[in-house]
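The structure appears right after this line, and notes come after that.
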Amino acid sequence: MAKTSTSQIRGIDDFLRPDHLISDEIRMFCRTLRKFVDNEVLPRAEEIDDYWDWTERKEQTFVHDLWKKLLIDLGLQKSFLPPEFGGSGGGSTVEIAATIQEVARGDYGLASTGFISPWSIAAITIPKPNEVLLKKLAPFLLGDEVFIITSAITEPHAGGSVEDMKLKGAQIRTRARLEGNEWVINGHKLWPSGFREAKWFRVLCSVEGEEFPKNIAQILVPADSPGISTSKPYRKMGASIDTNGDIWFENVRAPKENRAQQDPEDDLKSVLANITIGRLTSAAFPLGIMKRAFEILRDYVDIREIAGKPMKEHGAIAHELGRVAQNIIAAEAFFYFAAARMDRPDAYGFPWEAKSVALASAVQNVVGELGWDTVSRSLELMGSYGYSREGRMEKLLRDLKIGQIVVGGPILRLIEIARYYFGTETI
Ligand SMILES: Cc1cc2nc3c(=O)[nH]c(=O)nc-3n(C[C@H](O)[C@H](O)[C@H](O)COP(=O)(O)OP(=O)(O)OC[C@H]3O[C@@H](n4cnc5c(N)ncnc54)[C@H](O)[C@@H]3O)c2cc1C
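Under our numbering, the residues of the sequence shown are numbered 213 to 639, in order.
And the structure:
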């Protein structure tokens, strides 16, 4: 069908990304990522959706090439390390979010594993840098091979409760004990993003014989350590190339210095900061998905006709289109406003503070809800093209739901907001 309209059409850059807070260099990097997504990711979106078991296949798949291009050839992996350790990183939360958004526009799963390592780097950098560990990891992160550090937090009996520090680590069943200069870890974790191709794991443990907060420990271990075994990846509703599954730890040993924070009391701050960072940056993924939904819908309503007129020229439809654009404006505004505050801890507080956890929780929830509304409305507007794969919208809805749940789930996040604003104490 030919395009029927000549009116001006807006693009995904016409919303509220705060370009004044993003350096020229990062804006250029975002353009490079956009080109990579347009040329190499979006044309294969359906195939990517089918490759949930790519780590189990014997042959070298195009998915391996995608990781290599994104993380090594385009230099994303190097950007995870701060310059003092040889990396090209050091970008602000706003800048990192802008890059996540670009990749998530292409594929949620690609972005989910692609940006999992910096979550662990943050844990060994905030509140204090663990220089020994950073120096140990630097050659791998700066090398020519894909090097993923995954975060093993969720456990079979619970996810939200394991990361809920109000429970003082009582729900963390993965145990660590110190024997001389070595940690010995036993436990079972589920779901770490990119677990099949990860080279190291960051494991949230409870230290035997220690009281809260010293019992909270994040210990980094190479994935090929004796005593570690993994399952096959799960088949999920979306985010298929982000592999998730079981990891078992049986008397796994790691040197003492592999604890993320050397001062035991700092590990709690690190975990809380990590939750704030995780929840806030997790909202950049739905934002990327919303931008993709906008592009697909914009082109569709321009061409598709109802009663001989382009869809977008019908009053009821224009009302819905206004809602879609309004959602994206609101989500992007709230998200970047919060990210910019996070970049000024001197003025607004540190990421381990309860108010930061509450803000990040609200951002992930609200952006997720606006994202769900946006994609769901877009899908409905596309009729049968909306629910069929060829329309390219239904994948976005499946991925978006995952983005709403990760890092604790929406209900726990609401409880944490209530704890901060209403003083809720008993739950
Ligand atoms: C693509 C993907 C990537 C992931 N990546 C990782 C990863 O890198 N590392 C990792 O460890 N995990 C990861 N996960 C797991 C994910 O973080 C968990 O699924 C999520 O945290 C929820 O935990 P759960 O599934 O155990 O649900 P539960 O904790 O059982 O939660 C179920 C529901 O109960 C709510 N809830 C939880 N606690 C409370 C409470 N105290 N009061 C009231 N309601 C509560 C939750 O909000 C949720 O709505 C990933 C999952 C996916 C799908």
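Beta carbons: idealized from backbone N, C-alpha and C, even for Gly.
Model, not experiment: these values are computed from the prediction.
Starting from residue i, trace the beta strand (DSSP E) in both directions and tell me its first and last residue.
{"i": "residue 400", "result": "394-402"}
{"i": "residue 412", "result": "412-419"}
{"i": "residue 430", "result": "428-434"}
{"i": "residue 472", "result": "Residue 472 -> no beta strand (DSSP E), and no H or E assigned at all."}
{"i": "residue 629", "result": "Unbroken run through residue 629 is the alpha helix (DSSP H), 622-634; no beta strand (DSSP E)."}
{"i": "residue 222", "result": "Counting along the chain, residue 222 falls outside any beta strand (DSSP E), and DSSP gives it neither H nor E."}
{"i": "residue 388", "result": "387-391"}
{"i": "residue 384", "result": "From DSSP, residue 384 is part of no beta strand (DSSP E); its letter is neither H nor E."}
{"i": "residue 361", "result": "361-364"}
Spatial neighbours of residue i within its chain, please: C-beta separation below 6 Å, excluding the five flanking residues on both sides.
{"i": "residue 260", "result": "319, 453"}
{"i": "residue 614", "result": "450, 451"}
{"i": "residue 339", "result": "478, 481"}
{"i": "residue 327", "result": "312"}
{"i": "residue 222", "result": "none"}
{"i": "residue 395", "result": "388, 431, 466"}
{"i": "residue 469", "result": "344"}
{"i": "residue 458", "result": "402, 443"}
{"i": "residue 568", "result": "488, 561"}
I need the straight-line Cα distance from residue i to residue j, nearest angstrom please.
{"i": "residue 345", "j": "residue 301", "result": "17 Å"}
{"i": "residue 240", "j": "residue 498", "result": "22 Å"}
{"i": "residue 639", "j": "residue 357", "result": "45 Å"}
{"i": "residue 397", "j": "residue 329", "result": "21 Å"}
{"i": "residue 475", "j": "residue 447", "result": "39 Å"}
{"i": "residue 564", "j": "residue 422", "result": "21 Å"}
{"i": "residue 633", "j": "residue 355", "result": "45 Å"}
{"i": "residue 527", "j": "residue 494", "result": "35 Å"}
{"i": "residue 370", "j": "residue 418", "result": "15 Å"}
{"i": "residue 598", "j": "residue 509", "result": "9 Å"}
{"i": "residue 368", "j": "residue 237", "result": "42 Å"}
{"i": "residue 566", "j": "residue 437", "result": "36 Å"}
{"i": "residue 281", "j": "residue 287", "result": "8 Å"}
{"i": "residue 560", "j": "residue 488", "result": "13 Å"}
{"i": "residue 522", "j": "residue 269", "result": "45 Å"}
Which residues bound the alpha helix (DSSP H) around residue i?
{"i": "residue 323", "result": "320-326"}
{"i": "residue 573", "result": "566-593"}
{"i": "residue 351", "result": "343-353"}
{"i": "residue 558", "result": "557-560"}
{"i": "residue 340", "result": "That residue, residue 340, is in no alpha helix (DSSP H); it is neither H nor E in DSSP."}
{"i": "residue 270", "result": "Run containing residue 270: none; DSSP gives neither H nor E here."}
{"i": "residue 451", "result": "Neither: residue 451 is in no alpha helix (DSSP H) and is coded neither H nor E."}
{"i": "residue 488", "result": "478-494"}
{"i": "residue 289", "result": "Careful: residue 289 lies outside any alpha helix (DSSP H) and carries neither H nor E."}
{"i": "residue 240", "result": "236-248"}
{"i": "residue 373", "result": "372-375"}
Near residue i, which residues of its chain fall below 7 Å by C-beta distance, leaving aside the five closest residues on each side in sequence?
{"i": "residue 232", "result": "none"}
{"i": "residue 609", "result": "587, 588, 591"}
{"i": "residue 544", "result": "227, 228, 229, 499"}
{"i": "residue 424", "result": "380, 381"}
{"i": "residue 555", "result": "304, 305, 306"}
{"i": "residue 360", "result": "325, 328, 329, 406, 409, 410, 411"}
Return yes when at least one heavy atom of ligand 1 lies under 6 Å from the C-beta of residue i, else no.
{"i": "residue 344", "result": "no"}
{"i": "residue 372", "result": "yes"}
{"i": "residue 456", "result": "yes"}
{"i": "residue 488", "result": "no"}
{"i": "residue 329", "result": "no"}
{"i": "residue 534", "result": "no"}
{"i": "residue 257", "result": "no"}
{"i": "residue 403", "result": "yes"}
{"i": "residue 629", "result": "no"}
{"i": "residue 485", "result": "no"}
{"i": "residue 608", "result": "no"}
{"i": "residue 419", "result": "no"}
{"i": "residue 442", "result": "no"}
{"i": "residue 155", "result": "For the chain, the structure presents residues 213 to 639; residue 155 sits outside this window and is missing."}
{"i": "residue 451", "result": "yes"}
{"i": "residue 624", "result": "yes"}
{"i": "residue 363", "result": "yes"}
{"i": "residue 366", "result": "yes"}
{"i": "residue 618", "result": "yes"}
{"i": "residue 381", "result": "no"}
Taking DSSP's pairing of strands, which residues face residue i in a bridge?
{"i": "residue 461", "result": "399, 440"}
{"i": "residue 283", "result": "Answer by DSSP bridge pairing: none, since residue 283 is not bridged."}
{"i": "residue 535", "result": "Residue 535 pairs with nothing; no bridge assigned."}
{"i": "residue 521", "result": "518"}
{"i": "residue 255", "result": "Residue 255 pairs with nothing; no bridge assigned."}
{"i": "residue 467", "result": "394"}
With a threshold of 8 Å on Cβ separation, who are the neighbours of residue i within its own chain once the five nearest residues in sequence on each side are excluded?
{"i": "residue 600", "result": "606"}
{"i": "residue 213", "result": "Summary for residue 213: the model assigns pLDDT 46, below 50, so the residue's position carries little reliability, and this model does not support an answer."}
{"i": "residue 503", "result": "224, 227, 313, 317, 540"}
{"i": "residue 635", "result": "none"}
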